[in-house]
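Residue numbers (my numbering), protein chains in the order written: chain C, 319 to 456; chain H, 319 to 456. Just so you know, even glycine gets a beta-carbon here, dropped at the ideal spot from N, CA and C. None of the values given here were measured: they were computed from a predicted structure. In what follows, a single structure is set out as structure tokens and then discussed.
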DNA sequence: AATATAAATAAGAATCATTCTTATATAGGA
DNA sequence: TCCTATATAAGAATGATTCTTATTTATATT
């Protein structure tokens, strides 16, 4: 049948994928996630559209973990936790970024602030658990 | 004469360079800065030692700007401003990272927080100035 | 001093995430 | 239909970083 237009089908799928997950995927992760449903998707298309979304403000790169950029389709500024063990990037939605911070940064820097990133690194809940269960043999 | 030991001479020079600047240099920038005084310095040595310092807690990567890691020899947690135009990474030393943030993050995440990064992106003071001087011809 | 061992380094190769190039396909307008 | 724009696939190119190998240097031991 194929009555529906094909235009932007892949672009839309990439954006939808990004907005449907909180795992803050890399380009490869988006590609791997969509490939089963879109067998003729190419990695270059993922990269190209992610960069487009970034320019349009529909997505942003929230971290670079082990040399790999991690994207977020949630454009509301929020806090992240990055696990040094399993490379997970986790939202801390309960936390607020103090509103005064940005204006303070603007006056301190003398420049124009466009964005604010607040993130914590360490060992995430599951990795803490795993280590406890195993027990330390030191 | 060359009475002084040569051991760690390059390692020390790299650490000293990192600690003497606030420009948050990349490995290439450290290499370029030291090459005149140490003509037989190799880029691999810079990378290797920067990673060593990172493991030892003597330095950290505070940002990845345009795919390039930027290092900091100042181990006191502090705030950074990253310019999207000139790629400068600037300290905002006057700003404090609210002490409560880290403990809140730890309880919210359920994990163990090792570090906190707070940074602002936008247009730095000099880039704002340049654009004003030139005037917009739109 | 001679030897052995271990760490530091230079040089360049290898890796790998990302970007770029080219050709093809598709949509919309004249 | 013809023309122009954009989207895409495929794979090549780029470039930051890491790895490998051989060499050098320091230290400990004789």
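Worksheet item: Does the beta carbon of residue 380 (chain C) sit closer than 7 Å to a beta carbon anywhere in chain H?
Response: Residue 380 (chain C) does not count as touching chain H.
Worksheet entry | Alpha carbon of residue 442 (chain H) to alpha carbon of residue 372 (chain C), nearest angstrom | Between the alpha carbons of residue 442 (chain H) and residue 372 (chain C) lies a gap of roughly 20 Å.
Fill in: Limits of the unbroken alpha helix (DSSP H) element including residue 309 (chain H)
Residue 309 (chain H) lies beyond the stretch modelled for chain H, which goes from 319 to 456, so this question has no answer here.
Fill in: Contact list for the stretch 391-407 of chain C against chain H, Cβ threshold 8 Å
If the cut-off is 8 Å between Cβ atoms, the stretch 391-407 of chain C has 397, 399, 401, 402 near chain H.
Worksheet item: Does the beta carbon of residue 448 (chain H) sit closer than 7 Å to a beta carbon anywhere in chain C?
Response: No, because no Cβ of chain C sits closer than 7 Å to the Cβ of residue 448 (chain H).
Practice prompt. Give the DSSP bridge partners of residue 353 (chain C), in chain order.
Written response: None; residue 353 (chain C) has no bridge partner.
Worksheet item: Is it a yes or a no for the stretch 393-400 of chain H touching the stretch 323-332 of chain H, going by three-plus beta-carbon pairs under 8 Å?
Response: Pairwise C-beta distances place the stretch 393-400 of chain H out of contact with the stretch 323-332 of chain H, as fewer than three of them are shorter than 8 Å.
Worksheet item: Who are the near neighbours of residue 351 (chain C) in its chain, counting only those whose CB is closer than 6 Å to its CB and skipping five residues on each side?
Response: For residue 351 (chain C), where only same-chain residues beyond five positions count, the Cβ hits under 6 Å are 335.
Item to complete: Give a yes or no on whether 7 Å exceeds the smallest Cβ distance from residue 371 (chain H) to chain C.
Response: Not one chain C Cβ lies under 7 Å of residue 371 (chain H).
Practice prompt. In angstroms with no decimal places, state the Cα-to-Cα distance between residue 421 (chain C) and residue 411 (chain H).
Written response: Rounded to the nearest angstrom, the two C-alpha atoms are 15 Å apart.
Item to complete: Please confirm whether residue 382 (chain C) and residue 382 (chain H) have their CB atoms less than 7 Å apart.
Response: One thing to note: residue 382 (chain C) has its Cβ within 7 Å of the Cβ of residue 382 (chain H).
Worksheet entry | Residues near residue 390 (chain C) by beta carbon distance below 7 Å, same chain, minus five either side | 342, 377, 378, 380, listed in sequence order.
Practice prompt. Provide the residue span of the alpha helix (DSSP H) that contains residue 362 (chain H), from first to last.
Written response: It spans 361-374 - the alpha helix (DSSP H) in which residue 362 (chain H) sits, taken as one unbroken run.
Worksheet entry | Continuous beta strand (DSSP E) stretch holding residue 439 (chain H): start and end | Run containing residue 439 (chain H): 430-441, per the beta strand (DSSP E) assignment.
Worksheet item: Is residue 449 (chain H) helix, strand or coil by DSSP?
Response: Helix.
Worksheet item: Over what stretch of residues does the alpha helix (DSSP H) that includes residue 424 (chain C) continue unbroken?
Response: In the DSSP annotation of this structure, the continuous segment of the alpha helix (DSSP H) that includes residue 424 (chain C) starts and ends at 417-427.
Worksheet item: Do you know whose CA, among C:392, C:384, C:385, C:325, lies nearest residue 337 (chain C)'s CA?
Response: Minimum Cα distance to residue 337 (chain C) is reached at C:392.
Practice prompt. Please report the residue range of the beta strand (DSSP E) in which residue 398 (chain H) lies.
Written response: DSSP places residue 398 (chain H) in the uninterrupted beta strand (DSSP E) bounded by 397-401.
Worksheet item: If the cut is a Cβ gap below 7 Å, which residues of chain C does residue 422 (chain H) touch?
Response: Under the 7 Å cutoff, chain C gives 413.
Practice prompt. Please work out which residues of its chain come closer than 8 Å, Cβ to Cβ, to residue 437 (chain C), disregarding the five sequence neighbours upstream and downstream, and give them in chain order.
Written response: Excluding five sequence positions before and after residue 437 (chain C), the CB atoms of its chain that fall closer than 8 Å to its own CB belong to 380, 381, 397, 398, 399, 400, given in chain order.
Fill in: Extent of the continuous beta strand (DSSP E) run through residue 381 (chain C)
Segment 378-383, the beta strand (DSSP E) holding residue 381 (chain C).
Worksheet item: Closest to residue 364 (chain C) by CA distance: which of C:374, C:355, C:347 is it?
Response: Considering only alpha carbons, the answer is C:347.
Worksheet item: Taking only beta-carbon atoms, is residue 441 (chain C) less than 7 Å away from chain H?
Response: Yes, residue 441 (chain C) lies at the interface with chain H (some Cβ there is under 7 Å from its Cβ).
Fill in: Simplified DSSP assignment, three categories, for residue 346 (chain H)
Reduced to three states, the DSSP call for residue 346 (chain H) is helix.
Worksheet item: To which residues of the same chain is residue 349 (chain H) closer than 7 Å at the C-beta, ignoring the five residues directly before and after it?
Response: By the criterion of a C-beta distance shorter than 7 Å, residue 349 (chain H) is surrounded in its chain by 359, 361, 364, once the five residues flanking it on both sides are discounted.
Worksheet entry | Straight-line Cα distance separating residue 353 (chain H) from residue 374 (chain C) | A direct Cα-Cα distance of roughly 41 Å separates residue 374 (chain C) from residue 353 (chain H).
Worksheet item: Does the Cβ-Cβ distance between residue 415 (chain C) and residue 434 (chain C) come in under 7 Å?
Response: In contact: residue 415 (chain C) and residue 434 (chain C) (Cβ atoms closer than 7 Å).
Item to complete: Using a Cβ-Cβ cut-off of 7 Å, state whether residue 376 (chain H) counts as contacting chain C.
Response: Not one chain C Cβ lies under 7 Å of residue 376 (chain H).
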